[in-house]
Amino acid sequence: MAASMEEDVTSLRPESWLIHRAKSCLKTDGCAAKAWLITARTLFPQNFDIKFEAYEVEKNARNIKLAAKDLQEMLSSFKEEPRLNQELQAVSDALQAEGADPKTALYKDIFSALPAETQRQMLLSVISQKQDVLHQCKATLLILRRFPDLVPDTGVNLAESLLSAEKHAHFHTALNCYRKYLVHDLLPIMLNCKEASLAHKQLYKWLQKSIEFYISYITQPPPLDAGLSSPDMMSPTKKLTMSFSGKRLQAIQGLAEKDSHIPRPWQTLFDIVTATGQQLGWEIGDFFMKTSREAQWQEILLLHNKCQQSDHSGLHRQLLYCTLILLLQCIHDYQTRMDSGLFTGSSNHLESIALMEGFKADGDEGRVHGPKHKKLKVESTIPQIHSNSNIPDSNVLMQNMLTAFKCWELLHVDSLEKDFKKLHSHLKAETWAWLKMFEVDMLMYQGSYREAVNLLLVQKQDSKLRTNLQLASCYFCQGNLAKCCDVVLGILGDMAFSDVSTPSQLQEIVHSGRGRHMNLLRCTSSEIMPYCLHMLLACCKEKAFSPSSNDDMALGHMLVLLQYDWPKHEALLLQAVEKIKAQGCFTYNLFFNYIINIDILEEFAYIKSHDGGKLNLDILPTSTKLIAQQRTVTRGVNKGVKEDFRLTMEKQVARSEENIEALIREFLANERELLQENLL
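Encoded structure:
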């Protein structure tokens, strides 16, 4: 065995034999090992294996300076050696690593000991060996951070490579690995490089890509799958799925979970816009640092005035992009407060908020719903928005909504509309469901109910309840009472009785004074039921008091509904009684089925009496009426009918303590078709 080993050693070439001798001494006598390597280097100064072994010895001995010196010599003479390239890659990987294990720290120390020019050559060599765009990107980012002078050429080339790779990967979303490395990792380095003089066309292209990425990241729907991704970098062609347990996790295709997290996406986007603006000569200042929406809007107005006084394209573009970013942030903040589950992945949307048309008080003149104005041309058409104490930070919510609305209108003026529509198309904003939800609210705010209905009917929302509430409100404001009734009955039919508590404060949705009113309505049973019942009541009121109609059925339905939350609508009862007196008669055979309110019963008992006018009230149930018709009539007076009316009224008074909500629900369930037919 020993003879065989000796024979193997003697067959080695001289330089390999010297390396073997050095290795054999290394474990027992480090000095002897170094001596053998010095001899080897003297005899064979151009041998790579000897130089690499000397480097390994110094590296393992943690002789940083000597190891760095050996690495530098090899880099200048043996650039094509595979083992050297592997070692350079190991150094590059260590520089990118976040950990601080001994091996990583050793490589970082060796790199730091290299002269700057050697560091540069080393990293460029690593980049040249990369075939995969993402790995090339990581290495390039490393060198750009250390050598900003490479940004104009190397940085721009990498940006174009990433965009090309993204295009050929055929992603259907901006949330992919190539876009993330471009806008989150590469662009900040390039934009903050004072030495770089970047073309304006490229800057605008990169800015659009950044906006699309960050807005998609901030507003993306939560993942549906519960799968776990690999901890390593994924193939760009694989879609990432993440576990979800009540906490929002963003997914970027082609990246592992740990690489997909962006701590402050809005601030990062603001930084990119600001840095891009500086490259373009914009004067953004502290625009994105302002906490007041009004202060930001005033900045926009000042910029708009400058644009009107100058035809400088840079000012025009600055106004376009700054207004767009403010619009998107306001809408995001607004929608987050309107539906906390929209962007966080909450499984239910019952705590969402809907912007709804308000109602006029019964005593106010005019129609109960708002005017049908397409645009806000005069101050009187601007509605007042009302909230209640159950909605936290409602002032902030409304400020975001109104600022977004003003930004939207500004972006649609003649000087900006064309460019805004191009940008809107480039960002694929037509696919953003949350933006469509805002457009619905904005159209309702404008009084453009037909357009709002069209948008509500085609959009797909998680919050079906919010959609249906707004549909009903718009139908009502259009005067389409039948469709309004149909949607409202559907909403109430889906609501479990046990969910409903005591009647809400209806003064929250009924307002006095001129002009339109709108309400922020929480999508909870305690607020939905009062609003929906009031809407049905208003529909019946419209039909009952229409000048061209003499509809006792609508009037009767109205009497049933106004019992809810009595005596809020006592004035409406008095109007109904006056109408009946003017007619001299009233027919509603469902009266004793559903009317149990003692005040209403007393009012009708009075107008049936001699003192009240002896009005002809045909309100007995049909079965009682048929029995009465079979009785003998004496001296022209149907005494049996009078007695039946008295007895029925007494029985009805005994029911006055019944649960009014249960009664109303029974009425809506049993008479649904009758209600719909009556409102056609």
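The opening residue of the sequence shown carries number 1 in the UniProt record's numbering; numbering runs sequentially from there.
For glycine and all other residues, C-beta sits at the position ideal for the given N, C-alpha and C.
For clarity, every value in this text was computed on a predicted model and none was experimentally measured.
When you compare only the Cα positions, how much space is there between residue i and residue j?
| i | j | result |
| --- | --- | --- |
| E212 | Q129 | 32 Å |
| L457 | I127 | 53 Å |
| A256 | Q478 | 51 Å |
| G490 | Q384 | 28 Å |
| F604 | I660 | 19 Å |
| R337 | L303 | 29 Å |
| L520 | T431 | 26 Å |
| K180 | F343 | 20 Å |
| H184 | D311 | 33 Å |
| L71 | Q318 | 50 Å |
| K201 | F147 | 24 Å |
| E98 | R293 | 39 Å |
| residue 719 | Y178 | What is shown of the chain runs 1 to 680, which leaves residue 719 out entirely. |
| residue 681 | L617 | The displayed coordinates of the chain run from 1 to 680. Any statement about residue 681 would go beyond what the structure contains. |
| E351 | G447 | 25 Å |
Going by beta carbon distance, what residues of the same chain come within less than 7 Å of residue i, once the five residues before and after it are set aside?
| i | result |
| --- | --- |
| A544 | D551, A554, L555, M558 |
| L536 | C485, V488, L561 |
| residue 686 | Nothing about residue 686 can be read from this structure; the chain reaches only from 1 to 680. |
| A404 | L327, C330, I331, Y334, F438 |
| Y217 | L175, Q250, I262, P265 |
| A139 | S92, L123, V126, I127, K130 |
| M649 | L601, A605 |
| V440 | A452, L455, L456, Q470 |
| L674 | none |
| E166 | N176, Y178, R179 |
| K79 | S125 |
Please list the terminal residues of the continuous alpha helix (DSSP H) segment that includes residue i.
| i | result |
| --- | --- |
| T323 | 313-338 |
| I595 | Taken as a continuous stretch (DSSP letters only), I595 belongs to no alpha helix (DSSP H), as it is neither H nor E. |
| H135 | 133-146 |
| T403 | 394-411 |
| M122 | 116-129 |
| I353 | Run containing I353: none in the alpha helix (DSSP H); it sits in the beta strand (DSSP E), 353-357. |
| K180 | 177-180 |
| K483 | 481-493 |
| N550 | Premise fails: N550 is in no alpha helix (DSSP H) and is neither H nor E. |
| W297 | 293-309 |
| D286 | Careful: D286 lies outside any alpha helix (DSSP H) and carries neither H nor E. |
| Y564 | Per DSSP, Y564 belongs to no alpha helix (DSSP H) and is neither H nor E. |
| E58 | 48-60 |
| D414 | 414-426 |
| A662 | 660-670 |
| S164 | 156-169 |
| I218 | 200-219 |
| W434 | 433-446 |
| I391 | Per DSSP, I391 belongs to no alpha helix (DSSP H) and is neither H nor E. |
| F545 | Here F545 belongs to no alpha helix (DSSP H), and DSSP marks it neither H nor E. |
| S609 | Looking at the DSSP string, S609 is not in any alpha helix (DSSP H), and its letter there is neither H nor E. |
| C477 | 464-478 |
| N85 | 82-96 |
Rounded to the nearest angstrom, how far is the Cβ of residue i from that of residue j, given a contact under 8 Å?
| i | j | result |
| --- | --- | --- |
| L141 | L191 | That pair is no contact at about 14 Å. |
| I596 | V577 | Actually they are not in contact, since the Cβ atoms of I596 and V577 sit about 18 Å apart, beyond 8 Å. |
| V156 | C193 | Actually they are not in contact, since the Cβ atoms of V156 and C193 sit about 11 Å apart, beyond 8 Å. |
| L533 | M356 | Rounded, the Cβ-Cβ distance is 14 Å, inconsistent with contact. |
| L163 | I143 | Not confirmed; about 20 Å, so no contact. |
| E671 | L590 | 7 Å |
| L203 | T276 | 5 Å |
| C539 | L679 | 6 Å |
| G358 | M518 | 5 Å |
| I664 | Y564 | 6 Å |
Residues bridged to residue i by DSSP?
| i | result |
| --- | --- |
| T587 | D618 |
| H517 | Q384 |
| Q253 | N176 |
| R522 | I353 |
Output the boundary residues of the beta strand (DSSP E) element that contains residue i.
| i | result |
| --- | --- |
| I64 | Element bounds for I64: not the beta strand (DSSP E) but the alpha helix (DSSP H), 64-77. |
| Q384 | 384-386 |
Less than 6 Å between C-beta atoms, sequence neighbours within five positions excluded: which residues of the same chain meet that for residue i?
| i | result |
| --- | --- |
| L465 | C523 |
| M74 | K51, L84 |
| F420 | L411 |
| Q296 | K290, L326 |
| F288 | F270 |
Comparing the CB of residue i with every heavy atom of the ligand NAD, is any distance shorter than 7 Å?
| i | result |
| --- | --- |
| A139 | With respect to the ligand NAD, the structure offers nothing, as it holds no ligand at all. |
Leaving out five residues on either side along the sequence, give the residues of the same chain with a beta carbon under 8 Å from the beta carbon of residue i.
| i | result |
| --- | --- |
| Q208 | L423, H426, L427 |
| Q652 | F592, I595, I596, L601 |
| residue 682 | The chain is shown only over 1 to 680; residue 682 falls outside these bounds and no answer can be derived. |
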